[in-house]
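So the sequences go chain by chain: A and B.
UniProt numbering puts the last residue of the first sequence at 317; the count rises by one with no breaks.
UniProt numbering puts the last residue of the second sequence at 190; the count rises by one with no breaks.
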Amino acid sequence: MSDTQKQPHNDLKESILSRLEKEGIEPRSRLYWLSHEYALWGAWGATVLCGALALSVASFASLHIGYALYEAAHDNFLTFLFDALPYLWLVTFFLLVAAAYFNLRHTKRGYRYPIVLVVGSSIGFSVLGGGLLHWLGAGWYLDQMLGKAVPAYQSRAKFEEEMWQKPLAGRLVGQVVEEINEKEDFLDFIDADGESWHLNTEELREHDIKLLKSGEKVRILAATSSELSEDALYVCAVFPWILDHAPGLREWREDRAEFIENVKMPRERFREARLEREDDEQDRALPPIAIATENSKTSSVCYNLSVFKKARPDVEE
Amino acid sequence: MVAEITSLGDKEVVKLALKERALFGHIVERYQSKLSRYVTRLGVRDPDDRDDVLQEVFIKVYRNLNDYDDSYSFSAWIYRIAHNEAISWYRKKKVRPEGNLVADSEEVLAFLNNDEEDASVRLDQKINAEYLQRAMAELDPKYRDILILRYFEHLEYEEISDVLKLPLGTVGTFIHRAKKQLRELLKKYE
Numbered sequence: 001m002s003d004t005q006k007q008p009h010n011d012l013k014e015s016i017l018s019r020l021e022k023e024g025i026e027p028r029s030r031l032y033w034l035s036h037e038y039a040l041w042g043a044w045g046a047t048v049l050c051g052a053l054a055l056s057v058a059s060f061a062s063l064h065i066g067y068a069l070y071e072a073a074h075d076n077f078l079t080f081l082f083d084a085l086p087y088l089w090l091v092t093f094f095l096l097v098a099a100a101y102f103n104l105r106h107t108k109r110g111y112r113y114p115i116v117l118v119v120g121s122s123i124g125f126s127v128l129g130g131g132l133l134h135w136l137g138a139g140w141y142l143d144q145m146l147g148k149a150v151p152a153y154q155s156r157a158k159f160e161e162e163m164w165q166k167p168l169a170g171r172l173v174g175q176v177v178e179e180i181n182e183k184e185d186f187l188d189f190i191d192a193d194g195e196s197w198h199l200n201t202e203e204l205r206e207h208d209i210k211l212l213k214s215g216e217k218v219r220i221l222a223a224t225s226s227e228l229s230e231d232a233l234y235v236c237a238v239f240p241w242i243l244d245h246a247p248g249l250r251e252w253r254e255d256r257a258e259f260i261e262n263v264k265m266p267r268e269r270f271r272e273a274r275l276e277r278e279d280d281e282q283d284r285a286l287p288p289i290a291i292a293t294e295n296s297k298t299s300s301v302c303y304n305l306s307v308f309k310k311a312r313p314d315v316e317e
Numbered sequence: 001m002v003a004e005i006t007s008l009g010d011k012e013v014v015k016l017a018l019k020e021r022a023l024f025g026h027i028v029e030r031y032q033s034k035l036s037r038y039v040t041r042l043g044v045r046d047p048d049d050r051d052d053v054l055q056e057v058f059i060k061v062y063r064n065l066n067d068y069d070d071s072y073s074f075s076a077w078i079y080r081i082a083h084n085e086a087i088s089w090y091r092k093k094k095v096r097p098e099g100n101l102v103a104d105s106e107e108v109l110a111f112l113n114n115d116e117e118d119a120s121v122r123l124d125q126k127i128n129a130e131y132l133q134r135a136m137a138e139l140d141p142k143y144r145d146i147l148i149l150r151y152f153e154h155l156e157y158e159e160i161s162d163v164l165k166l167p168l169g170t171v172g173t174f175i176h177r178a179k180k181q182l183r184e185l186l187k188k189y190e
C-alpha cells in the first residue's frame with residue numbers, strides 16, 4: 001500500500017471543508033464564468049474584425065500600388081513590389097489571426113476543434129470581412145484617415161505622392177495654376193512641395209493637355225535635362241491623381257493603357273504636334289532640342305525619355 | 001442520506017454541493033485517492049507536498065464548480081485541475097522531479113501493447129517496472145503526461161483531450177509518438 005492509500009480520507013476532507021468555511025470560500029458565480037467565456041468570444045470577434053479591417057487596407061494597398069506605371073519609378077516589377085507591398089498591414093493581419101487563434105483556442109470548447117478549423121475560421125472570417133469591407137471602401141477610408149491623423153503613417157496616397165514627387169527623376173505631382181502662354185504651350189505648375197515649374201506641353205496629346213489644364217491634381221512624367229529646355233520642363237505624359245477616392249481596377253487599367261500609349265507613340269505624336277505647329281505658326285521657332293534633332297529618327301524629346309525607353313518593348317538605340 | 005449520495009453520479013453530487021457546502025466532502029472522498037496517485041505520477045512525491053497540492057486542487061474545484069459543464073466528464077474536468085496544479089507546483093519548485101509510476105509494469109505494458117496495431121511500437125513484456133520508470137522519466141514531458149493519463153489512469157481519448165486541452169486527433173497522434181519514443185528509450189534496457 002502506498003503512502004496515499006494509508007492516509008485517512010477524512011483528514012483531507014475535513015481540512016478542506018473547514019478551510020472552505022473558515023475562509024468563506026464560495027463557488028464563483030455562473031455569471032462570472034459566462035462573462036469569461038463571452039469575453040473570449042468577444043475578443044475573438046474583435047480580432048477577426050480588426051483582422052478584416054487590416055486585410056481590407058492591405059488589399060486596398062496591394063491592389064492600388066500603382067503597378068500601372070511601375071516602370072516610371074522602378075527598374076522592374078519585382079523591385080517595385082518589394083518597395084510597395086503593404087508589409088505593415090500584412091504583418092498586422094497575421095498577428096491578428098494569431099490573436100484570434102489564441103482567443104478561440106481558450107474558449108471552453110476551443111481545444112476540441114481541429115487546428116485547421118480554428119486557424120481556418122479565423123482566417124476565413126477575416127478574409128470574408130476584409131473582402132466586404134474592401135468592397136465598401138473601408139480599406140481606402142482607413143488608410144486615408146490614418147494618413148491624415150498619424151504623421152508617421154505612410155498611407156497609399158503618401159507613398160504614391162513620395163514616389164511621384166521626384167523632380168530630378170522627371171516625376172512630379174501637383175497641379176497647373178496658370179496658363180502662361182497658350183500659343184507657346186507653356187503652363188505654370190505647382191508641385192506637391194510647393195515648387196513652381198514652367199511646363200512645356202508641345203509633345204502632349206490633346207487630352208493630356210486638357211487634363212493638365214483642368215487644374216486637377218495630376219502626376220506627370222517630364223524630361224528634366226537643362227539641355228533640353230533651359231527654362232521649362234518638357235512634359236511627356238500626364239496621369240490623373242486617382243487616390244482621392246478608392247480607385248477601381250478599371251481606373252488602374254486606364255492608367256496603364258495611357259502609359260503604354262505614351263510609351264509607344266511619342267515619335268508620331270511629336271510629328272503630329274510639330275506639323276500642327278508648322279501649320280499654325282510657320283515662322284515660330286522650334287525648341288532648341290527639337291531643332292537639333294528634328295531630322296533624326298529620335299527627334300522627339302519624350303521618345304528618348306528613359307522611362308519610356310525602359311518600358312518600350314522594342315527598344316531602339 | 002450518505003448512502004443515497006454515494007449512489008449518485010458525479011454530476012448530481014456537483015449540483016448538490018453547489019447548494020450545500022458540506023456535500024462537497026463526497027467529491028473529495030471520491031477523487032482523493034485517484035488524484036493523489038495522479039499527482040504522484042506527475043512528480044509530486046513528497047507526502048506533505050502532495051497533501052498541499054491536493055488541498056489546493058479541491059479548493060480550486062470548489063471555487064470553480066459553476067464552471068463545470070455537465071456535458072463533459074467530471075472526472076476529466078477534475079483531472080485537468082489536478083494536472084494544472086501539479087504543473088504550478090513544480091514550476092514553483094523550478095524542477096520537474098521524476099514521477100513515481102506506482103504501477104505494475106506488466107499490466108501497463110499489456111495496456112501499451114493492447115491498442116497498438118503497429119508492431120514497430122509494441123513493447124517487450126520482459127521490461128520490468130524499474131526500467132519502465134526510468135524510460136518514462138526520460139520521455140518528452142508532453143508524451144509522459146499523455147501516457148500516464150492513458151495507461152496509468154486509464155482515461156479515454158476524449159477525457160485525455162479534455163484534461164490536456166488537446167484536439168482529439170492530436171491525442172491519438174501523441175500517444176502513438178509517445179509509445180514509439182518509449183520503445184526507443186527501453187531498447188537500452190533490453
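Using N, Cα and C, we set each Cβ at its ideal position, and we do this for glycine too.
This one's a predicted model, so the numbers in the text were calculated from it and none came from an experiment.
For residue i and residue j, I'd like the C-alpha separation in whole angstroms.
i, j, result
"residue 81(B)", "residue 35(B)", "10 Å"
"residue 229(A)", "residue 223(A)", "Because the pLDDT of residue 229(A) is 49, which lies under 50, any placement of that residue in the model is unreliable, and the question is left without a value."
"residue 165(A)", "residue 172(A)", "5 Å"
"residue 20(A)", "residue 51(B)", "16 Å"
"residue 23(B)", "residue 101(A)", "39 Å"
"residue 104(A)", "residue 131(A)", "22 Å"
"residue 287(A)", "residue 302(A)", "Low per-residue confidence applies at residue 287(A): pLDDT is 47, beneath 50, and the placement is therefore not dependable enough to give any value."
"residue 98(A)", "residue 76(B)", "28 Å"
"residue 254(A)", "residue 205(A)", "16 Å"
"residue 74(A)", "residue 80(A)", "6 Å"
"residue 216(A)", "residue 38(A)", "51 Å"
"residue 32(B)", "residue 54(B)", "8 Å"
"residue 64(A)", "residue 43(A)", "31 Å"
"residue 127(A)", "residue 51(A)", "8 Å"
"residue 107(A)", "residue 41(A)", "7 Å"
"residue 112(A)", "residue 167(B)", "5 Å"
"residue 124(A)", "residue 118(A)", "10 Å"
"residue 91(A)", "residue 154(A)", "15 Å"
"residue 4(B)", "residue 12(B)", "11 Å"
"residue 67(B)", "residue 163(A)", "57 Å"
"residue 244(A)", "residue 157(A)", "8 Å"
"residue 69(B)", "residue 48(B)", "32 Å"
"residue 110(A)", "residue 257(A)", "51 Å"
Helix, strand or coil: how does DSSP classify residue i here?
i, result
"residue 192(A)", "coil"
"residue 38(A)", "helix"
"residue 174(A)", "strand"
"residue 305(A)", "coil"
"residue 8(B)", "coil"
"residue 205(A)", "coil"
"residue 318(A)", "Shown here, chain A extends from 1 to 317; a query on residue 318(A) therefore has no answer."
"residue 166(A)", "strand"
"residue 20(A)", "helix"
"residue 154(B)", "coil"
"residue 148(B)", "helix"
"residue 243(A)", "coil"
"residue 139(B)", "coil"
At which residues does the beta strand (DSSP E) containing residue i begin and terminate?
i, result
"residue 236(A)", "233–240"
"residue 57(B)", "Residue 57(B) -> not in any beta strand (DSSP E); alpha helix (DSSP H) instead, spanning 47–63."
"residue 142(A)", "Element bounds for residue 142(A): not the beta strand (DSSP E) but the alpha helix (DSSP H), 138–149."
Terminal residues of the continuous alpha helix (DSSP H) containing residue i?
i, result
"residue 162(B)", "157–164"
"residue 182(B)", "168–187"
"residue 84(B)", "74–92"
"residue 36(B)", "24–42"
Kindly indicate if chain D contains any beta-carbon less than 7 Å away from that of residue i.
i, result
"residue 33(A)", "In the structure shown, chain D does not exist; the protein chains are A and B."
Inset, instruction - Select from the stretch 13–25 of chain A all residues with a C-beta closer than 9 Å to any C-beta belonging to chain B, and list them in chain order. - result: 13, 14, 15, 16, 17, 19, 20, 21, 23, 25
Legend entry - alpha helix (DSSP H) runs wholly inside the stretch 32–114 of chain A, at least 4 long, in chain order: 77–84, 87–105
Legend entry - Members of the UniProt domain "RNA polymerase sigma-70 region 2" (27–94) of chain B that neighbour chain A once the beta carbon cut-off is set at 8 Å: 28, 29, 32, 33, 36, 37, 40, 47, 50, 51, 54, 55, 58, 59, 62, 63, 64, 65, 66, 67, 69
Legend entry - Chain-ordered residues of the stretch 160–184 of chain B with a beta carbon less than 9 Å from chain A: 161, 162, 164, 165, 166, 167, 168, 169, 170
Legend entry - Members of the stretch 94–111 of chain A that neighbour chain B once the beta carbon cut-off is set at 7 Å: 108, 111
Inset, instruction - With 9 Å as the limit, tell me which residues of the stretch 150–167 of chain A have their beta carbon closer than that to any beta carbon of chain B; keep them in chain order. - result: none
Legend entry - Selection of the stretch 6–22 of chain B by Cβ proximity to chain A, strictly under 8 Å: 18, 21, 22
Legend entry - Proximal residues, the stretch 130–159 of chain B versus chain A, C-beta separation under 7 Å: none
Inset, instruction - Could you run through the stretch 126–145 of chain A and flag, in chain order, every residue whose CB is less than 7 Å away from some CB of chain B? - result: none
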